[in-house]
Each structure stands twice: as structure tokens, then as C-alpha cells.
Amino acid sequence: MVSFSSDEIMVTRAAKELRNKEVVFVGIGLPNLACNLARKLHAPDLTLIYESGAIGSLPDRLPLSIGDPCLVTGSISVCSMVEVFNYYLQGGLIDVGFLGGAQLDRYGNINSTVIGEYEKPRVRLPGSGGACEISIHAKKFIIILKQNKRTFSEKIDFITTPGFIDSKNKRESLRMPGRGPVLVITDFGVYNFSDSSKEIYLSEIHPKISVDHIKNNTSWDLHVSESLITTEPPTEAELSILRSLDPEKTHLG
Amino acid sequence: MTKKIMVLKDAIKNYVNDGDMIVIEGFTHLICFAAGHEIIRQKKRNLVACRLTPDLIYDQMIAAGCVRKIIFSWAGNPGVGPLYGLRRAVEMGIPRKIEIEEYTHFGMVARFMAGASNLPFMHLKTFIGSSLPEKNPNIRKIKCPYTGETFSTVPAIKPDVAIIHVQRADEEGNAQIWGLMGVQREAAFASKRVIIVSEELVDTAVIRSDPNRTIIPGIKVDAVVIEPFGAHPSYAQGYYDRDNRFYFDWHRISKDKTILDNYMSEWIYGVSGRQDYIAKLGNKVVRGLKANKSMAFPVNYGY
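Those protein sequence lines, which keep their order, are chains W and Z.
Going left to right, the first sequence walks through residues 2 to 254 as the numbering used here numbers them.
Going left to right, the second sequence walks through residues 117 to 419 as the numbering used here numbers them.
1. Under the three-state reduction of DSSP, which class applies to lysine 396 of chain Z: helix, strand or coil?
2. Would you say serine 87 of chain Z faces chain W, with C-beta separation under 9 Å as the test?
3. Could you give the DSSP three-state label for proline 70 of chain W: helix, strand or coil?
4. Going by the CB atoms, is the gap between valine 341 of chain Z and valine 313 of chain Z shorter than 9 Å?
5. Taking alanine 39 of chain W as the reference, which of W/Arg20, W/Leu31, W/Ser53, W/Phe26 has the closest Cα?
6. Taking just the CA atoms, how far does isoleucine 280 of chain Z sit from valine 337 of chain Z?
7. What does DSSP give as the partner residue(s) for glutamate 215 of chain Z in the beta ladder?
8. Just the Cα atoms here: how many angstroms apart are methionine 297 of chain Z and histidine 214 of chain W?
9. How is the beta strand (DSSP E) around threonine 231 of chain W delimited, first residue to last?
10. By the 9 Å beta-carbon criterion, what residues does the stretch 291 to 308 of chain Z contribute toward chain W?
11. Quick check on glutamine 91 of chain W - is its C-beta less than 9 Å from some C-beta in chain Z?
12. Determine, using beta carbons only, whether isoleucine 323 of chain Z and alanine 285 of chain Z come nearer to each other than 9 Å.
13. Between proline 261 of chain Z and chain W, is any beta-carbon pair separated by less than 9 Å?
14. Put alanine 16 of chain W into one of helix, strand or coil per three-state DSSP.
15. Kindly indicate which residue of W/Val27, W/Cys133, W/Ser197 has the alpha-carbon position closest to the one of aspartate 96 of chain W.
16. Which same chain residues, not among the five before or five after threonine 219 of chain W, have their C-beta less than 8 Å away from its C-beta?
17. If I'm right that proline 208 of chain W touches proline 234 of chain W with Cβ under 8 Å, what's the distance once you round it to whole angstroms?
18. Look at glutamate 218 of chain Z and arginine 123 of chain W and say whether their C-beta atoms are less than 9 Å apart.
19. Per DSSP, which residues does leucine 63 of chain W bridge with? Please list them.
20. Would you list the residues sitting across from proline 122 of chain W in a DSSP beta bridge?
21. Could you compute how far the alpha carbon of glutamate 459 of chain Z sits from the alpha carbon of aspartate 126 of chain Z?
22. At what residue ranges does the stretch 201 to 287 of chain Z contain a whole run of the alpha helix (DSSP H), taking only runs of 4 or more?
As C-alpha cells, then:
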């Protein structure tokens, strides 16, 4: 097996979730790398949409921000943010969203707003940006974050971005168009959501990581799939493309 | 007719008052740092500063004590880290306590749409299941009179003044942008006064040769300032690239209040204006950021 970092397996695993011709709402950092890797591998006709208004971007360098000029040059369309949020997102054109955050709970709700009390924050985080509406409108979304006891949290301090909120049919009862989170990818493993409870469970474990290690880095009693498998490690070909996308290791730690 | 063309110093002096609600828009692209720096130099106070992404520009204005409240939807240094100036103000009240009023991007976009359309509010489908409505009483609900479905609402925002950086404008302020447009059009139409800061002054014939590209017409504009390189370290598509190096540097600078204060003494208070700032940056940086050519095919507007 070739050697790879935890960021690299997160990105190659995420890229495998994208199908050719899907329309993806791309966030910066690892999600951006996953989308551009998928585009160079099995999904050349992926349409990348950035909340900045760039539609069908073909970035020829790694964008540091989602408003990078390389997302404009050669894109299919550049529209205002009124159009991105109303016509593309609320209009139902987005197949897949990619989201990160500081804390995640067992129902896939994400906090990226505040640690501590909202009015007297211990740590003030950036807030929603477009994440809240992406989680509501994208047909499905994938969550990528680094896992530890603080990020996999029994109770998150703030719901910035709703997952399944607290129960199976909650999203439907609130008339949310999107299906919600379908997958969580961390530096230790991959998680699905139970059809019956909508609670997260471990479905794939990265090579050389133990279930005990994962349980020690989760603040609730985590369910583990009876058919747990090992995450498919990155191939040499995947790694060489991925590393060429981020030669200065801006996002790949 | 009074001339709208003026220098930035006069535009800020005449059109930005203490206590104003101000918006300097631009989503990563075309953020008018020149105007932010001039506001800091003129020691404007008690501003209510709106922007989707406060970015480095509001971080600097907050650190300089110009701002009493921010209205925003994502407060970070994109791809790099937090905004420490803002965090020090929110978490510790340094240099002063600031209020925050928080939305999502879609929420802020809808606030500007309502303001620009002269409607009291806008309805939209977001905030559902999130904690934000509990913390922001301005986020409310309405029942659709046709279907009975419940939607979220946000109130119109009508800033006193908008400052919009553009690639080219004529003397009347007919302003053209290409590349990312963010919510600049809505921010300008929502605001009582509009200052256009342009990379280039062009003849009206240039504007009229390509009218689809005009995002703000002169009839909405009070002042026109020509300030090349006025968006640095942000960028202007086709003119100069984003100075990502500086966004990384700001992480280090802003983390320590003393280093931040030294930066402001040297680069904001210590220069007389943008030309001075550019000279201080030096040719090497300026030349290094110069945009490559990628020309659009011309179109025929004839009939």
C-alpha cells in the first residue's frame, strides 16, 4: 500500500461519491480538492458551482477562496449571488453539497457558528455563509471534518446547518426539499445514517485505525455497522493527481 | 450639473458620516480596501457595517474602532482562518464592544434584494432547523397566501451609503463590472448614497458600446472616484490578481494586537492615500499581480 496522509484519504474517498454529470455546490478546502480530483478521474462532466456565482468552473490552479479569479476564467457562466441562491440553489438544481464545520452531532447537525454561549462566545467561528441553505436545498450533502471528542459532540452549542435535526421524519415535516446528509468522512472513517433512526453509524474504517480509537474520539456511544469494511485506500494514480492539484500543500496537511 | 468625479478623500468626507450604516460590498472580488483605509484615516466612528463577508477590510475597520455593529453572514479569512480583529471585539470588547446581527448568505442577499426593490421584507426558504432565528429576532415567518406554506422572512436593509469598486466607469458613474458580481448591484440600489470607485475612467461611448455590462447606472450614483489598484489585496478581474500572500500574512499580523497596530500605523495611517500605498508596496508586488490576458469574443449590438 502506498503511503498517504489522513487528508489525502478523506479527499480520495469523497471524490468517489461524485458521479459524472452531477451538479455540485463546492466549498473551499478539501471539498474543492475532492471535486477537482473527481473531475480529473471518473467525472469529467461534473458541473462545479461556487456560491460566489461561478458556474461550471474549470480552475487551473488551486483556489484559496471560493471567490478566486481562476473560477471565472473559462467558466460557463458568472451570475450574481441573487441568482446563485434563488435560481440555482432554491430552484433545485444542486445535486450534491459539501459541508464542513467545527462540531457535528449524531443527527448530522453542524455547528460552525460559536463555541460556548452565543452572546458570550468562548470561540466565535465564521457562521453559516451559504451552509444552512445548502443543507436545506441540495438534493443531498456530504460532510467532511476532522474527528475528535470535541468535533464529534454529544450536544453541539449551535445548529448552524441542519442535518436530520432530532428524528427520522423531521426534515419532511419542516418541508425541506433536500434529503439531508448522506455521508460523513473524517480522518478516521466514513459514516452513514441509519434509515430507521437517522442516527450516524460507522460504516468504513480507514486503514490502520481501530474501532476503539474511533470510539475514544466520539463523545457519544457510537453505533458500528455489523458489516464494517476498510475504506478503499488512495491509489498511486489518485495520489499523483491529487498532489498535483495542491503542490504547495495549502489544504492537504 | 454638479460634477461627481472627486478624490477618495472628499468622497468619504462628503458621503460617509459618523453613525452611518455603510456597505462596502464585493464577494472576494473588487473589495474597496482604498475606501476602508480612508475611512480609518478619517476616524469615522459608530458605523454599522454590513457585508456578507466582513473579510479583512472590516477586520481592519473594527480594529481601528470605526464600527459599533456588524451585519453579516460569514466572518472569516477565506481559506486561511479567523478574523482576529473581529474576534477580539466580539470576545473581549477590544478596542470596543461591537454588536453583531447575523444571517446566512441567502438571508443577506434577500435583505439587499428587499432594500433594492423598496419592499419591507423578502421571504425565502432557509433558516429552517437552524438556531439562528432564536438569536436574531429579525428572522421571522410568513404564511404564503396562496399555498399556506410557511416561509422565513428577513427585513429590507437600506444602508446610508454603499461603496462599490468597479473595473470601469464614466464621469456620471455608469459602472461596469465583469467577473464575480456578488451582491454589488443590490447593495447599490438598496442604499441612499452610492460611491463608485473605479479602476479606470472611460468615455461614455465605451459604456454605451457594451450596455449589458453596466451593473449600476449613473442615475443611482453620487460620487465617482478613480483609484487604480484600489481593491488590493482583493482583486479586479482582468487587472490584477488577488494577493493571497497578504491574506496569509494578515493571519499573523492580526493575531497579535501590537503587530496589527503597527501594521495600521505603517500602511494605513502612515500613507496619505492609495498612490502612496502602491508606491510602498513596490513595483515587484504590483507587477507580480498583473492579470494575464483572456479576452472575450466581441459581440454585435447592431440591429
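For every residue, glycine included, the Cβ atom is placed at its ideal position computed from N, Cα and C.
Put simply:
1. Sequence index remark: in the second sequence, residue 396 of chain Z carries index 280 (1-based). If DSSP states are grouped into helix, strand and coil, lysine 396 of chain Z belongs with the helices.
2. What the structure shows of chain Z is the stretch from 117 to 419, and residue 87 of chain Z is not part of that stretch, so it cannot be assessed.
3. Within the first sequence, the letter at position 69 stands for residue 70 of chain W. Three-state result, proline 70 of chain W: helix.
4. Your numbering for residue 313 of chain Z matches position 197 in the second sequence. Your numbering for residue 341 of chain Z matches position 225 in the second sequence. Against a cut-off of 9 Å, the Cβ pair of valine 341 of chain Z and valine 313 of chain Z comes out as a contact.
5. Translated into the one-based positions of the first sequence, residue 39 of chain W becomes position 38. Comparing Cα positions, the closest option is W/Arg20.
6. Taking the first residue of the second sequence as position 1, residue 337 of chain Z is located at position 221. Taking the first residue of the second sequence as position 1, residue 280 of chain Z is located at position 164. Each residue's Cα considered, the two are about 10 Å apart.
7. Position 99 of the second sequence holds residue 215 of chain Z. Answer is Z/Lys185, bridged to glutamate 215 of chain Z.
8. By 1-based counting over the second sequence, the position of residue 297 of chain Z is 181. By 1-based counting over the first sequence, the position of residue 214 of chain W is 213. One C-alpha to the other measures close to 46 Å.
9. One-based indexing of the first sequence puts residue 231 of chain W at position 230. Segment 224 to 231, the beta strand (DSSP E) holding threonine 231 of chain W.
10. Trp294, Gly295, Leu296, Met297, Gly298, Val299, Gln300, Arg301, Glu302
11. Working through the first sequence from its first residue, we reach residue 91 of chain W at position 90. It does; some Cβ of chain Z falls within 9 Å.
12. For this step, residue 323 of chain Z is matched to residue 207 along the second sequence. For this step, residue 285 of chain Z is matched to residue 169 along the second sequence. Contact: yes.
13. Sequence index remark: in the second sequence, residue 261 of chain Z carries index 145 (1-based). So no, proline 261 of chain Z is outside the interface.
14. Position 15 of the first sequence, counted from the start, is the residue given in the question as residue 16 of chain W. Of the three classes helix, strand and coil, the one that applies to alanine 16 of chain W here is helix, per DSSP.
15. The residue given as residue 96 of chain W occupies position 95 in the first sequence. Looking at the Cα atoms, W/Val27 is the closest of the given residues.
16. Sequence index remark: in the first sequence, residue 219 of chain W carries index 218 (1-based). Once the five neighbours on either side are set aside, the close Cβ partners of threonine 219 of chain W are Gln148, Lys150, Phe153.
17. In the first sequence, counting from the first residue as 1, residue 208 of chain W sits at position 207. In the first sequence, counting from the first residue as 1, residue 234 of chain W sits at position 233. 5 Å between Cβ atoms; contact.
18. Here residue 218 of chain Z corresponds to residue number 102 of the second sequence, with the count starting at 1. Here residue 123 of chain W corresponds to residue number 122 of the first sequence, with the count starting at 1. For glutamate 218 of chain Z and arginine 123 of chain W, no; Cβs fall outside 9 Å.
19. Numbered from its first residue, the first sequence carries residue 63 of chain W at position 62. Note: leucine 63 of chain W sits in no beta bridge, so no partner.
20. One-based indexing of the first sequence puts residue 122 of chain W at position 121. DSSP output for proline 122 of chain W lists W/Gly117 as bridge partner(s).
21. No statement about residue 459 of chain Z is possible, as the shown extent of chain Z runs from 117 to 419 and does not include it.
22. 221 to 233, 248 to 251
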